[in-house]
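Numbering (my numbering), first residue to last: 4 to 318. Written below as structure tokens is the structure these notes are about.
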């Protein structure tokens with residue numbers, strides 16, 4: 004028991020040593036002040052909009068933790084934030100352009116699929132009518148021919164019967180023409196369905212190739228290369244939307260609190276930007292990491308260090 008206690012105490016001391024002396028995990032001092040130091044308008048947004056994104060990123064931490072003293076904007080601040088435009092933003096812009104093109108192509112494919120479906124439905128409906136009317140017409144035509152043949156064997160039809168047969172003949176002729184028009188409509192529909200089907204298959208094939216190429220090049224979870232935190236400086240290199248900028252700033256502001264990466268893929272402090280939801284919010288892992296780095300007293304930080312060691316032993 005004493006040996007186990009010694010081991011636990013020893014591990015705790017090691018954890019504390021790592022906590023106190025690791026340059027990436029100092030005790031954070033709140034509030035952390037920040038300012039925009041350099042801003043490149045080549046990003047296509049104003050500095051005011053960048054500041055709004057920063058305020059939203061700040062709110063992710065403060066509202067999730069129920070505190071208002073975590074970050075503060077000051078001209079003469081501890082953390083200097085720079086927006087640096089380079090090839091990374093150019094690559095991000097290219098990816099966004101391709102993504103939008105794929106979206107347009109995908110929408111066009113959906114329109115074709117929907118049109119193809121409507122035409123097939125129209126063809127089926129008209130074909131049912133055609134088959135029914137054709138069968139009825141053929142039966143009535145056979146009956147008419149049999150009646151004419153019967154009167155011919157009798158030497159001819161009386162005047163009243165002849166007039167009735169003539170009216171039936173004219174009706175059947177009109178029905179034949181109408182059925183032929185319906186048959187032509189079916190033929191036209193079949194041609195359109197086949198043409199749209201061929202065109203749709205071609206477009207879908209091209210779309211799938213483009214999607215596969217895009218996924219191979221861009222669409223994988225990636226580390227937070229859009230920005231980094233180095234020695235009280237946050238550098239932002241790339242983003243394609245306000246939402247992504249907020250996510251990047253939230254992550255890097257977390258590093259300014261001396262918080263490292265956590266294990267939950269949905270956490271703001273996960274090393275990949277992939278599965279995090281938007282609007283951004285802190286997970287329990289993010290909150291625990293904050294408590295470990297910025298807890299209110301030595302005891303809470305000691306407990307956090309001990310818990311980290313204990314979890315490492317049992318997990």
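Quick reminder that beta carbons are idealized off the backbone N, C-alpha and C, glycines included. In this text, all values refer to a predicted model and were calculated from it rather than measured experimentally.
Where residue i falls: helix, strand or coil (DSSP)
{"i": "residue 86", "result": "strand"}
{"i": "residue 51", "result": "helix"}
{"i": "residue 183", "result": "helix"}
{"i": "residue 276", "result": "strand"}
{"i": "residue 133", "result": "helix"}
{"i": "residue 41", "result": "strand"}
{"i": "residue 101", "result": "helix"}
{"i": "residue 262", "result": "coil"}
Separation of residue j from residue i, as counted between CA atoms
{"i": "residue 290", "j": "residue 68", "result": "7 Å"}
{"i": "residue 56", "j": "residue 277", "result": "19 Å"}
{"i": "residue 211", "j": "residue 83", "result": "44 Å"}
{"i": "residue 97", "j": "residue 123", "result": "39 Å"}
{"i": "residue 240", "j": "residue 63", "result": "21 Å"}
{"i": "residue 146", "j": "residue 156", "result": "15 Å"}
{"i": "residue 215", "j": "residue 101", "result": "12 Å"}
{"i": "residue 293", "j": "residue 264", "result": "11 Å"}
{"i": "residue 190", "j": "residue 127", "result": "12 Å"}
{"i": "residue 298", "j": "residue 269", "result": "23 Å"}
{"i": "residue 154", "j": "residue 169", "result": "13 Å"}
{"i": "residue 179", "j": "residue 129", "result": "16 Å"}
{"i": "residue 281", "j": "residue 106", "result": "20 Å"}
{"i": "residue 166", "j": "residue 134", "result": "30 Å"}
{"i": "residue 112", "j": "residue 247", "result": "28 Å"}
{"i": "residue 236", "j": "residue 109", "result": "41 Å"}
{"i": "residue 286", "j": "residue 271", "result": "7 Å"}
{"i": "residue 201", "j": "residue 136", "result": "31 Å"}
{"i": "residue 71", "j": "residue 206", "result": "53 Å"}
{"i": "residue 238", "j": "residue 231", "result": "5 Å"}
{"i": "residue 131", "j": "residue 94", "result": "55 Å"}
{"i": "residue 77", "j": "residue 36", "result": "6 Å"}
{"i": "residue 120", "j": "residue 49", "result": "46 Å"}
{"i": "residue 81", "j": "residue 234", "result": "10 Å"}
{"i": "residue 31", "j": "residue 42", "result": "26 Å"}
{"i": "residue 75", "j": "residue 90", "result": "31 Å"}
{"i": "residue 46", "j": "residue 197", "result": "47 Å"}
{"i": "residue 79", "j": "residue 99", "result": "35 Å"}
{"i": "residue 213", "j": "residue 38", "result": "41 Å"}
First and last residue of the uninterrupted alpha helix (DSSP H) at residue i
{"i": "residue 242", "result": "Taken as a continuous stretch (DSSP letters only), residue 242 belongs to no alpha helix (DSSP H), as it is neither H nor E."}
{"i": "residue 289", "result": "287-297"}
Span of the beta strand (DSSP E) around residue i
{"i": "residue 231", "result": "230-233"}
{"i": "residue 269", "result": "Premise fails: residue 269 is in no beta strand (DSSP E) and is neither H nor E."}
{"i": "residue 74", "result": "74-76"}
Minimum Cβ-Cβ distance from residue i to chain C less than 8 Å
{"i": "residue 270", "result": "Structure shown: chain C not included; a single protein chain is present."}
Buried or exposed by the 16-neighbour rule on C-beta atoms within 10 Å, applied to residue i
{"i": "residue 255", "result": "buried"}
{"i": "residue 184", "result": "exposed"}
{"i": "residue 187", "result": "exposed"}
{"i": "residue 208", "result": "exposed"}
{"i": "residue 114", "result": "exposed"}
{"i": "residue 266", "result": "exposed"}
{"i": "residue 228", "result": "exposed"}
{"i": "residue 60", "result": "buried"}
{"i": "residue 261", "result": "buried"}
{"i": "residue 149", "result": "exposed"}
{"i": "residue 279", "result": "buried"}
{"i": "residue 244", "result": "exposed"}
{"i": "residue 181", "result": "exposed"}
{"i": "residue 251", "result": "buried"}
Every unbroken alpha helix (DSSP H) inside the stretch 149-211 [4 residues or more]
none
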